[in-house]
Structures are given as structure tokens and as C-alpha cells.
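Comments concern the structure below.
Protein chains in written order, with the working numbering: chain A, 180 to 290; chain B, 180 to 290.
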């Protein structure tokens, strides 16, 4: 099993590069039916007209920061502790992330 | 699919009862191979000599608070943002949680 770390802990808020030219995606756990990722954004947004349209369900949590997720029918403002569950093929894009600090997302992709 | 909430978000740090006689366990997402739970502890610990010994792997994150997880061979001190991945049947118990504030855990049980 990938990502097994016992006897020590890691921290989602550490090891964030000071300079982040692109969003940072890191896989923390991966199995055939599950992927847990840390995503770090710092003012990044999805490209205009780009929509995520995924085969897996996605559950996301804002661990730190501030973001706006756009859906076809509405927009969600998200801050620390907020979470959203999105079924597969629920089209969405990152409309905005705060430039003031890194926004740390925990994303769980599942079947 | 249980727990689908689109068009609104929920917050892991809200809706914590002021009085918490027992640990609070809430299922946020459940499928045959995955369960996402919020757990809230406030000074709670596992009973003496009680050990969790689970058939599923467990990935846990401390969203807020401070806790100590005991394993058979060591103990981990955990604060906000810390996460640990535990394979199935890795015996563990909650040795301590801070009495100063609620400790909010995100637990992902998976196959």
C-alpha cells in the first residue's frame, strides 16, 4: 500500500514552497478505488473555460485559506473547515483562491 | 450515494455541542469501500486496555486540537494539520486529547 507512514506523522500545512508558479498536487494515499491528495493553491485559478469533469466522486476540504468553487448552476465560497462532496461528472472549476496565503485543499477521489 | 451535498458546503469546525459527554462520531460519506467520518473529542481517551483493531486501513487528520495516539511500539503527538496513515489491524488507542478545546479528527476508513 502506497503512503503508509506509521511511527511518524506528516503535516498538511508544512513543506509549502514559498514560490509556487503552479498549483501543487501531491498524492498522499493511492489504491485502485481511492486517492487522497493535498493540493496547494496561492492565487491560482482554473484556466478560463476549463472545467473538471471526473469519473470519480470527489470530497474536498479546505484545510487553510479561502477559495471559490464554481459549478454550472452556482458558486461556493469556501474557508477553513468547509467541505463539499461532488458526485462524479459534477462539472466544477476553481474560480478564485486568495492571494493572501496558500490555500491548502484535501481532496479525496473515490468510487 | 450517501452524503452528497452540492450547492452548499458544510464545516467541520461548526456544530460542536458545548457539552460532550462522549466522543462524537459522524459519518460524512459512506460507500462499500470507504467511510469518511468526523470525530470530536474533548478530553476523551480510549478506555484502559482498549485497542482499535480494524479490518480497514485508516487515514486520520487532526483538523483542530491536540491528541496523542498510542501504538504498541510508540506514541504520536498530533496537532492541527498532522496526519497519519494506519494499515488495517495496526493496533492503536487514543491515549490523550486536550481538555482545552474540542479536538476535531477527520478519519478516512478504506480498503
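Glycine included, C-beta positions come from ideal geometry on N, C-alpha and C.
Residues that DSSP places opposite residue i in a beta bridge
{"i": "residue 220 of chain A", "result": "A:282"}
{"i": "residue 246 of chain A", "result": "A:257 and A:276"}
{"i": "residue 214 of chain A", "result": "A:209 and A:288"}
{"i": "residue 271 of chain A", "result": "A:231 and A:250"}
{"i": "residue 240 of chain A", "result": "A:262 and A:285"}
Spatial distance of residue i from residue j (CA atoms)
{"i": "residue 238 of chain B", "j": "residue 231 of chain A", "result": "26 Å"}
{"i": "residue 263 of chain A", "j": "residue 283 of chain A", "result": "14 Å"}
{"i": "residue 191 of chain B", "j": "residue 236 of chain A", "result": "19 Å"}
{"i": "residue 182 of chain A", "j": "residue 214 of chain A", "result": "Note on residue 182 of chain A: pLDDT 38, under 50, position unreliable in the model; no value is reported."}
{"i": "residue 252 of chain B", "j": "residue 268 of chain A", "result": "44 Å"}
{"i": "residue 288 of chain B", "j": "residue 228 of chain A", "result": "35 Å"}
{"i": "residue 261 of chain B", "j": "residue 219 of chain A", "result": "16 Å"}
{"i": "residue 197 of chain A", "j": "residue 216 of chain A", "result": "20 Å"}
{"i": "residue 290 of chain B", "j": "residue 194 of chain B", "result": "29 Å"}
{"i": "residue 276 of chain A", "j": "residue 270 of chain A", "result": "18 Å"}
{"i": "residue 223 of chain A", "j": "residue 188 of chain B", "result": "21 Å"}
{"i": "residue 234 of chain B", "j": "residue 265 of chain B", "result": "11 Å"}
{"i": "residue 201 of chain A", "j": "residue 255 of chain A", "result": "22 Å"}
{"i": "residue 221 of chain B", "j": "residue 221 of chain A", "result": "33 Å"}
{"i": "residue 203 of chain B", "j": "residue 203 of chain A", "result": "33 Å"}
Range of the contiguous beta strand (DSSP E) that encloses residue i
{"i": "residue 205 of chain A", "result": "203-210"}
Rounded distance between the beta-carbons of residue j and residue i, thought under 8 Å
{"i": "residue 285 of chain B", "j": "residue 257 of chain A", "result": "Contact doesn't hold; Cβ gap of about 16 Å is too wide."}
{"i": "residue 281 of chain A", "j": "residue 199 of chain A", "result": "7 Å"}
{"i": "residue 273 of chain A", "j": "residue 259 of chain A", "result": "About 16 Å separates the two Cβ atoms, so there is no contact after all."}
{"i": "residue 225 of chain A", "j": "residue 212 of chain B", "result": "Their Cβ separation, rounded to whole angstroms, is 29 Å, which puts residue 225 of chain A and residue 212 of chain B out of contact at 8 Å."}
message: Tell me whether the stretch 242-255 of chain B and the stretch 199-211 of chain B touch, counting them as touching only if at least three CB pairs, one residue from each stretch, are closer than 8 Å.
response: No, they do not touch.
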